[in-house]
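Below: the structure, in structure tokens.
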Amino acid sequence: MSSERRPNIVMILTDDHAAHAISSYGSLVNTTPRIDEIGEHGWRFENCFATNSLCSPSRASILTGTYSHVNGVTTLVTPIDASQPTFVSQLREAGYRTAMIGKWHMGEGPGHDPENFDYWDVVIDQGEYWNPRFLSADGLRTVEGYATDIITDLATRWVEGLDDDGPWCVLIYHKAPHRPWEPHPRHAGLYSDPLPVPATWDDDYSTRTSSARRALMRLAENLNLDDLKEPPPSGLDYEAEALWKYQRFMEDYLRCVAAVDENVGRLIDWLRARGDFDDTLLMYASDQGFFLGDHGWFDKRFMYEESLRMPFLLSYPRRLPGGQVHSGIVTNVDMAQAILDAAGVRHHPRMQGRSFWGDLTGEPDAPPAEGMYYRYWEHDDVFHHAPAHYGYRTDRYKLIFFYNDGLGQPGTGAFTYPGEWELYDLATDPEELRNVYHEAAYADIREELKQRLRAQQESLGDQPHPSEAVLEGLTR
Numbered sequence: 001m002s003s004e005r006r007p008n009i010v011m012i013l014t015d016d017h018a019a020h021a022i023s024s025y026g027s028l029v030n031t032t033p034r035i036d037e038i039g040e041h042g043w044r045f046e047n048c049f050a051t052n053s054l055c056s057p058s059r060a061s062i063l064t065g066t067y068s069h070v071n072g073v074t075t076l077v078t079p080i081d082a083s084q085p086t087f088v089s090q091l092r093e094a095g096y097r098t099a100m101i102g103k104w105h106m107g108e109g110p111g112h113d114p115e116n117f118d119y120w121d122v123v124i125d126q127g128e129y130w131n132p133r134f135l136s137a138d139g140l141r142t143v144e145g146y147a148t149d150i151i152t153d154l155a156t157r158w159v160e161g162l163d164d165d166g167p168w169c170v171l172i173y174h175k176a177p178h179r180p181w182e183p184h185p186r187h188a189g190l191y192s193d194p195l196p197v198p199a200t201w202d203d204d205y206s207t208r209t210s211s212a213r214r215a216l217m218r219l220a221e222n223l224n225l226d227d228l229k230e231p232p233p234s235g236l237d238y239e240a241e242a243l244w245k246y247q248r249f250m251e252d253y254l255r256c257v258a259a260v261d262e263n264v265g266r267l268i269d270w271l272r273a274r275g276d277f278d279d280t281l282l283m284y285a286s287d288q289g290f291f292l293g294d295h296g297w298f299d300k301r302f303m304y305e306e307s308l309r310m311p312f313l314l315s316y317p318r319r320l321p322g323g324q325v326h327s328g329i330v331t332n333v334d335m336a337q338a339i340l341d342a343a344g345v346r347h348h349p350r351m352q353g354r355s356f357w358g359d360l361t362g363e364p365d366a367p368p369a370e371g372m373y374y375r376y377w378e379h380d381d382v383f384h385h386a387p388a389h390y391g392y393r394t395d396r397y398k399l400i401f402f403y404n405d406g407l408g409q410p411g412t413g414a415f416t417y418p419g420e421w422e423l424y425d426l427a428t429d430p431e432e433l434r435n436v437y438h439e440a441a442y443a444d445i446r447e448e449l450k451q452r453l454r455a456q457q458e459s460l461g462d463q464p465h466p467s468e469a470v471l472e473g474l475t476r
């Protein structure tokens, strides 16, 4: 095949797959040989981060190459304007055939259904693991079987139905391993032996702000019967019951991951059988990270590492060497431009972030990112009680401002929950157990990071929350 051939593009996106449940990222609890294979033939990104660790917003940022305040998808209930420019619309304009199959999860109905795809076939909202309902341009239908297998089948079937050799792009977006973690029976025997608990399982949150301590994300207390599938044995004390719940949750979570890994393997084998593997930009990512008992939590949302970090691996053997590791800071906003660069297609001028494609080809066209900006907009006082916050992370430090719900009393400058700061030194405290914001030794770096945070907000068209100005006025 000619080296001038434009690459086919495959993006596999899972939901809530923590990087530390992938063996190439050093997992202590499972192995994922077929996902690892992508990095073995290409690149593994060590520091890829979500700019808003929540399903719908992350998907919108990946697609549009913009931050949540620009693309409009700030929360789970703010649907996308599907007509806005995306990397897919740019590819299609450049002659690519395009398809979206699986979990869309950015709203449904006119204006919110997928646009700029030659074919789309998506599950409803979160989707079902078994006999999922799919919506396409032809209407709604139920497909018998297991969602992870079905989504792969539909994607390969679409490609095989194309009638010429032109380039194509298919997004294969899985439901798994999202709650409520319903594995296929073929994996029933996996991970039944006791699994090690994370090193931070007993985090007492002693230096964290009240904003973080209010979250209802403790695995021991907030998993329900739908999650666990069976009630805990009677007679267990609190600690023993917490460990039982951890084991029960992890069994199902990792079994769902096992089905994903198998289907990644099916896709790799299919590409090889077609002779397309070397000429395909193949990517694997999750829409954000996930707490797997880390700090006693499950779920995501927070700017802490387990939630913030996205697994991201890619291969394109015709152009890129294998077995490489990218250690610089990359975000989900950066992906759109890098994909377009790989395809030789122009960026849309609205896109933000930094293309990392030149880093992979040895011809970087921009200096490395000095840090990354994060903003979680969805203040949730109903289910998880995860407070709204924003922050800035460098290779060593992380500054977080919890502005909470910002519901002020007009004219008084008073807020329902006052804003609070946290600062972590990732070199001395990689597990983020010690908030050093108020320590005198960190006063200078604290103020420097605040200035860098302001500069990032200004450059991206975002702005501080009013509660921060009130707090800073009181504390200076």
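Counting with UniProt numbering, you get residues 1 to 476 for the letters of the sequence shown.
For glycine and all other residues, C-beta sits at the position ideal for the given N, C-alpha and C.
For P7 against P185, the beta-carbon gap comes to about 37 Å, at or over 8 Å, which does not count as contact. Three or more beta-carbon pairs separated by less than 8 Å link the stretch 44-51 to the stretch 303-311, which places the two stretches in contact. N222 and Q463 have their C-alpha atoms spaced approximately 34 Å apart. Restricting attention to L271, W181, A242, the CA atom closest to the CA of D227 is found in W181. Put simply, the backbone Cα of Q126 is about 13 Å away from that of L135. For the pair G289 and A469, the CB atoms are not nearer than the 8 Å cut-off. The alpha-carbon of N404 is positioned some 7 Å away from that of G419. The Cβ atoms of D16 and P177 sit closer than 8 Å to each other. By the Cβ test, the stretch 368-388 is not in contact with the stretch 97-113, since fewer than three Cβ pairs between them sit closer than 8 Å. A Cβ-Cβ distance of about 30 Å is found for the pair T31 and P57, leaving them out of contact under the 8 Å criterion.
Boundaries for I35: no beta strand (DSSP E) harbours it, while the alpha helix (DSSP H) harbouring it runs 33-40, taken from the DSSP string. A direct Cα-Cα distance of roughly 44 Å separates D279 from K450. Scanning its chain for C-beta atoms nearer than 7 Å, with the 5 sequence neighbours on each side dropped, one finds around W297 the residues M217, R218, L219, F291, in chain order. A contact is defined here as three or more CB-CB pairs under 8 Å, and the stretch 72-86 fails this definition with respect to the stretch 139-159. Beta-carbon to beta-carbon, G65 and F87 are separated by about 6 Å, close enough to satisfy the 8 Å threshold. Two segments are said to touch when three or more pairs of C-beta atoms, one from each, lie closer than 8 Å; by this definition the stretch 313-327 touches the stretch 350-361.
R5 carries a coil assignment under DSSP once its states are collapsed to helix, strand and coil. For the pair S53 and K300, the CB atoms are nearer than the 8 Å cut-off. Taking a contact to require three or more Cβ pairs closer than 8 Å, the stretch 427-447 and the stretch 231-247 do not qualify as touching.
Between R213 and E422 a beta carbon distance of about 11 Å is seen, past the 8 Å cut, so the two are scored as non-contacting. Apart from sequence neighbours up to five positions away, the residues of its chain that approach Y246 with a beta-carbon distance below 7 Å are V197, L219, G293, ordered along the chain. Looking at the DSSP output, A99 shares a beta bridge with Y119, V170.
Rounded to whole angstroms, the separation of the alpha carbons of C169 and P33 is 24 Å. No Cβ-Cβ contact shorter than 8 Å links L320 with Y67. A check of alpha carbon separations from Y238 across R350, D202, A427 identifies D202 as the nearest. Out of E370, R434, P194, the CA that lies nearest to the CA of T394 is found in E370. The residue among L267, Y424, D164 with its C-alpha nearest the C-alpha of E305 is Y424. When beta bridges are read from the DSSP output, H389 appears opposite Y376, F402.
Non-local C-beta neighbours of H112 in its own chain, meaning closer than 8 Å and more than five positions away in sequence, comprise P79, I80, D81, A82, M106, ordered along the chain. Distance from the CA atom of A240 to the CA atom of W377, rounded to whole angstroms, is 35 Å. Note that the C-beta distance between E37 and I268 is below 8 Å. Looking at the DSSP output, S315 sits in a beta bridge with G42, L282. Within the stretch 50-92, the runs of alpha helix (DSSP H) that reach at least 4 residues and sit entirely inside it are, in chain order, 55-64, 68-71.
The residue from R454, I151, A215, P317 with its alpha-carbon nearest to that of F383 is A215. Close CB contacts of N71 within its chain, under the 6 Å cut and outside five residues either way in sequence, are with A60, T64 (chain order).
For S355, the secondary structure class from DSSP, reduced to helix, strand or coil, is coil.
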